[in-house]
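Accompanying notes for the structure given below.
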Amino acid sequence: MDVEILSRIQFAFTVAFHYIYPPLSIGLGLVLVFMEGRYLVTRNPLYEAMTRFWVRIFALIFGIGVVTGIVMEFEFGTNWAVYSRYVGDVFGSALAAEGIFAFALESGFLGILLFGWNRVKPWVHFLSTIMVTLGSMFSAVWIVVANSWQQTPAGFQVVGEGLEARAEITDFWAMVFNPSSMDRLMHVWLGSFLAGSFLVMSVAAYYIIKKRHLEFAKQSFTLGLHVATVAALLQLFSGHRSAEIVAEHQPAKLAAMEGHWEARAPADLYLFGWVNGSSQETYGVAIPGGLGLLTHMDPEAPITGLNAFAPEDRPGAVNFVFQTYHAMVAIGLFLIALTLFAQFKRWRGRLFNTRWLMLLFVPSVFFPQLANQLGWYTAEVGRQPWVVYNLLRTSDALSEAVQANQVLFSLILFTLVYMLLFALFIYLFNRKVQHGPNAHHQDDSHRPRQDDMARALESPNS
Amino acid sequence: METFLGLDYPTWWFLVIGAVFSGYAILDGFDLGAGALHMFLRKEESRRIAINAIGPVWDGNEVWLVIGGGALFAGFPEVYATLFSAFYIPFMLFLVALIFRAISIEFRGKEPMAWWKKLWDWSYSISSILLAILLGVVVGNLILGFPLDEQGVYRGSWLSFVNPFAVLTGLVTLFAFAMHGGLYLLLKTQGRLFQRMRFLLRGAMIGFILTLVLATLYVLLYIPHMSDKLRANPWMFALPVVLTLLLANIPREVTKGRYLRGFISSALVLAVLLMVVSVELFPVLLFDPVQPQNSLDIYNAASSDKSLGIMLTVAAIGVPLVAIYTGFVFWTFRGKVKMDEHSY
Chain A
1 MDVEILSRIQ
11 FAFTVAFHYI
21 YPPLSIGLGL
31 VLVFMEGRYL
41 VTRNPLYEAM
51 TRFWVRIFAL
61 IFGIGVVTGI
71 VMEFEFGTNW
81 AVYSRYVGDV
91 FGSALAAEGI
101 FAFALESGFL
111 GILLFGWNRV
121 KPWVHFLSTI
131 MVTLGSMFSA
141 VWIVVANSWQ
151 QTPAGFQVVG
161 EGLEARAEIT
171 DFWAMVFNPS
181 SMDRLMHVWL
191 GSFLAGSFLV
201 MSVAAYYIIK
211 KRHLEFAKQS
221 FTLGLHVATV
231 AALLQLFSGH
241 RSAEIVAEHQ
251 PAKLAAMEGH
261 WEARAPADLY
271 LFGWVNGSSQ
281 ETYGVAIPGG
291 LGLLTHMDPE
301 APITGLNAFA
311 PEDRPGAVNF
321 VFQTYHAMVA
331 IGLFLIALTL
341 FAQFKRWRGR
351 LFNTRWLMLL
361 FVPSVFFPQL
371 ANQLGWYTAE
381 VGRQPWVVYN
391 LLRTSDALSE
401 AVQANQVLFS
411 LILFTLVYML
421 LFALFIYLFN
431 RKVQHGPNAH
441 HQDDSHRPRQ
451 DDMARALESP
461 NS
Chain B
1 METFLGLDYP
11 TWWFLVIGAV
21 FSGYAILDGF
31 DLGAGALHMF
41 LRKEESRRIA
51 INAIGPVWDG
61 NEVWLVIGGG
71 ALFAGFPEVY
81 ATLFSAFYIP
91 FMLFLVALIF
101 RAISIEFRGK
111 EPMAWWKKLW
121 DWSYSISSIL
131 LAILLGVVVG
141 NLILGFPLDE
151 QGVYRGSWLS
161 FVNPFAVLTG
171 LVTLFAFAMH
181 GGLYLLLKTQ
191 GRLFQRMRFL
201 LRGAMIGFIL
211 TLVLATLYVL
221 LYIPHMSDKL
231 RANPWMFALP
241 VVLTLLLANI
251 PREVTKGRYL
261 RGFISSALVL
271 AVLLMVVSVE
281 LFPVLLFDPV
291 QPQNSLDIYN
301 AASSDKSLGI
311 MLTVAAIGVP
321 LVAIYTGFVF
331 WTFRGKVKMD
341 EHSY
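Quick mapping for you: the protein sequence lines, in order, are chains A and B.
Numbering follows the numbering used here, with no gaps: position 38 of the first sequence is 38.
Numbering follows the numbering used here, with no gaps: position 17 of the second sequence is 17.
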């Protein structure tokens, strides 16, 4: 295998693994803010127990998110040196802003969030929770801005030619607010809220099935459900908006997402299907004119097909993009149905007694996580062969000084380390869940007594 | 070329990066150093206290590396691209060590078994040592320089990062961090563990002085571009003098029981050490000893003035903010380590 494919596999693998964690941190952080805020208002020890338990889960997730995130910052330079030279002037400022505004904020206050319970006043601790959550959300801002700039470049000029060509920034705010950045940011945030809230619901549903920590579990679940319902519904609009942006700025990607080969109207919108790349045909169940309706509010709108682009200028893995995109949309719609149905059951007062629904919620954290991953596969494979859209090809972006055996070495190393890391993560996550919320606390003056806490956790009439 | 207070933007950005990397060396330096000394603590309880001494701050300390990397990428993309791709293997090892270190701290206290704790103790200490040495190896290679082509692309072999001088600077860094970490732990421990730390500190200081003298001799004898520059700029001799005074001040403060002052002295030692390297190289960042015209300096490697101007604004807003809340976190956890149910 050559350097290009190895470097692409390595980057895809390390970034996909990393992306298991930040959405959970962002989403769980938001839930934590609600929990601890509610505790400060009501002084109900149950909310304190909830906050403390979920902070312990948060710590585990956050820690892995941080170390696996640094890997990408290094890989730009180690594996993609030409890319780094090309984009540094533009992309670097977003990355530097991420480090200084977002990452420093979250990591600085993390210490207080995790260890400061007995050291600072409750409201200072709450402030730290907010800061950590804000920090992780700001991280997403700068990372999505940087990635979106590569998808829909703006606010720059190209200086020099050939090997010397560089993108130079001309307008910082045009770079930040490039055509796709804000819509994609919303999409990423909402996906993260879904990931975090479904994590909470998964664990809570498990407790409910096992009849453990019932009051704790029900309160956690309800809070998670509210966040998830709002996020799932908003995600529908956000997803729609993202599709419009892709249609406008990356027509080749949109054509790949829908397996759309020839420009024609009405253009089909597939519910599911299969793309045969060699015969350039797409089979499946389709809504005639649906694609035009989706992207232009007009079933007769002509949509550019893949054949309008030279083979070297369009994505090769059309079926892959088609399938990842459709699976993401299917999961998104399923999540809306699931949360609305759960809300309906809650309204009828039968949510926690509906055993099959609780059983379905136990593994539900995988749904938004899978959708988040699939969405990124669509976005990143769908924009190939470009690393900076229509400006720099992925195959031209590699490090000149790095050979295949070096990348193979590091790829094997990362595979082994990440497998170990993931196994440890699952093991410790399970330990924490089995251990459950802790009813034992130091008897500080501003904190409830231990027996209150224990009673609140296991009260039988709940 | 635009200027601010008489200095051009690339020089300003060079100063910013220098400040960030000094901050990184001072902050992560003590927790890496504490990790390097870790296996010299014998009792499980001592090791637990040592880990919790850095517990609330090590993650924040590491952020300075992320900011430094981002700042280098943003300000001098040519240097970032060339340096990171030239030292592919050491940087990959660095990443893996960073991961192992983080999970060791995180996972060590999660199970009660002795073998579990021992396993993560070793992993934590070895990865800390490896990180310190790798950082030193990179600095050593920056001092030596390496072959580049006209485009500023690395043209050396992938293994040439391993050489006697780089190994020596790796050891200098290791001992410097161990000294710094030892002083930090003096601030954080008491009783027999404290006595043990004083003993270990002495060893680290002796190691640091010996390796530093050897490295200095090596530079003066075998690295002409560095010694020539020193000869041409006699004022630079002031820096080693300051370094020596600061170093001599450490045992003095420790004997008098003023450990915070001792710690500040060693922080300044690290800063001055980096200053020596950077004024010796300035304005060059990546030196090519064979074809010096191919070297990357702060001008031919810099981003545009427009970009640097934006980032200087970002830094001017961001760095004071970071300093304020870093200070707040350190203030919150000041004093000797107190364990509670949230400790590692």
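Heads up, the beta-carbon is just placed ideally off N, CA and C, and yes, glycines get one too.
| Query | Result |
| --- | --- |
| Roughly how many whole angstroms lie between the Cα atoms of A/Ala-456 and B/Ala-102? | Low per-residue confidence applies at A/Ala-456: pLDDT is 49, beneath 50, and the placement is therefore not dependable, though the value from the model is reported in the following sentence. Taking the straight line from one Cα to the other gives about 35 Å. |
| Output yes or no for whether 8 Å exceeds the beta carbon distance between B/Tyr-299 and B/Pro-77. | no |
| Please name the residue or residues paired with A/Asn-276 in a DSSP beta bridge. | A/Glu-281 |
| Give, in chain order, every residue of the region 98-116 of chain A whose Cβ lies closer than 8 Å to some Cβ of chain B. | Glu-98, Gly-99, Ile-100, Phe-101, Phe-103, Ala-104, Leu-105, Ser-107, Gly-108, Phe-109, Leu-110, Gly-111, Ile-112, Leu-114, Phe-115, Gly-116 |
| Taking Cβ positions, are A/Ala-401 and B/Ser-85 nearer each other than 8 Å? | yes |
| Does any CB atom of chain B fall closer than 8 Å to the CB of A/Glu-161? | no |
| Going along the region 140-169 of chain A in order, which residues come within less than 7 Å of chain B, judged by CB to CB distance? | Leu-163, Glu-168, Ile-169 |
| Verify the CB distance criterion: does A/Glu-73 have a CB-CB separation below 8 Å to chain B? | yes |
| In this structure, does DSSP put B/Leu-285 in helix, strand or coil? | strand |
| Determine the chain B residues that contact A/Leu-391 at a beta-carbon separation under 8 Å, and present them in chain order. | Within chain B, no residue comes near A/Leu-391; the closest Cβ sits about 16 Å away, beyond 8 Å. |
| Under 8 Å, with one C-beta from each stretch per pair, do the region 15-35 of chain B and the region 47-62 of chain B reach the 3-pair mark? | yes |
| Using beta carbons (cut-off 8 Å, strictly below), is B/Leu-212 in contact with chain A? | no |
| Can you tell me whether A/Glu-380 is buried or exposed? The criterion is at least 16 other CB atoms within 10 Å of its CB, across all chains shown. | buried |
| Going by Cα to Cα distance, which pick from B/Met-179, B/Ile-317, B/Met-1 is closest to B/Val-16? | B/Ile-317 |
| Can you tell me the Cα-Cα spacing of A/Lys-211 and A/Arg-52, whole angstroms? | 20 Å |
| Mind listing the chain A neighbours of B/Ala-74? Cutoff is C-beta to C-beta under 7 Å, in chain order. | Gly-88, Gly-92, Ser-93, Leu-95, Ala-96 |
| If you run the structure through DSSP and keep just helix, strand and coil, what is A/Gln-343? | helix |
| Give, in chain order, every unbroken run of the alpha helix (DSSP H) that is at least 4 residues long and sits entirely within the region 55-143 of chain A. | 81-97, 104-115 |
| Do you know offhand how far B/Asp-305's Cα is from B/Lys-188's? | 45 Å |
| Over what stretch of residues does the alpha helix (DSSP H) that includes A/Arg-166 continue unbroken? | No alpha helix (DSSP H) holds A/Arg-166; the beta strand (DSSP E) holding it covers 166-169. |
| Closer than 8 Å between beta carbons: that is the criterion. Which residues of the region 329-343 of chain B meet it against chain A? | Val-329, Thr-332, Phe-333, Asp-340, Glu-341, His-342, Ser-343 |
| Contact defined as beta carbons within less than 8 Å: I believe B/Val-139 pairs with B/Thr-173. What is the distance between those atoms, to the nearest angstrom? | 7 Å |
| Got a sec: which bits of the region 418-436 of chain A sit with their beta carbon under 8 Å from any beta carbon on chain B, in order along the chain? | Leu-421, Leu-424, Leu-428, Arg-431 |
| Less than 8 Å between CB atoms is the rule here; does A/Asn-118 satisfy it with respect to chain B? | yes |
| For B/Leu-82 and A/Leu-428, what's the separation of their Cα atoms in angstroms? | In the sequence on display, residue 82 of chain B carries Thr and not Leu. One C-alpha to the other measures close to 39 Å. |
| So, under 8 Å CB-CB, A/Val-200 and A/Val-417 are touching, yes? Tell me the CB distance rounded to an integer number of Å. | Not a contact, Cβ separation roughly 29 Å. |
| With three or more beta-carbon pairs closer than 8 Å as the criterion, would you say the region 113-128 of chain B touches the region 248-263 of chain B? | no |
| Give a yes or no on whether the minimum CB-CB distance between A/Glu-4 and chain B is below 8 Å. | no |
| Compare the C-beta of A/Gln-406 with all C-beta atoms of chain B and state if any pair is closer than 8 Å. | yes |
| Using DSSP with H/G/I as helix, E/B as strand and the rest coil, what is B/Phe-146? | coil |
| On the DSSP bridge list, what partners appear for A/Arg-393? | A/Trp-386 |
| Answer yes or no: do A/Gly-135 and A/Phe-115 have a C-beta to C-beta separation smaller than 8 Å? | no |
| Where does A/Tyr-86 land, buried or exposed, given buried means 16+ other C-beta within 10 angstroms? | buried |
| Please confirm whether A/Gly-65 has its beta-carbon closer than 8 Å to some beta-carbon of chain B. | no |
| Are there 16 or more other CB atoms within 10 angstroms of the CB of B/Val-329, so buried, or fewer, so exposed? | buried |
| Taking only beta carbons into account, state which residues of the region 281-310 of chain A come closer than 9 Å to chain B, listed in chain order. | none |
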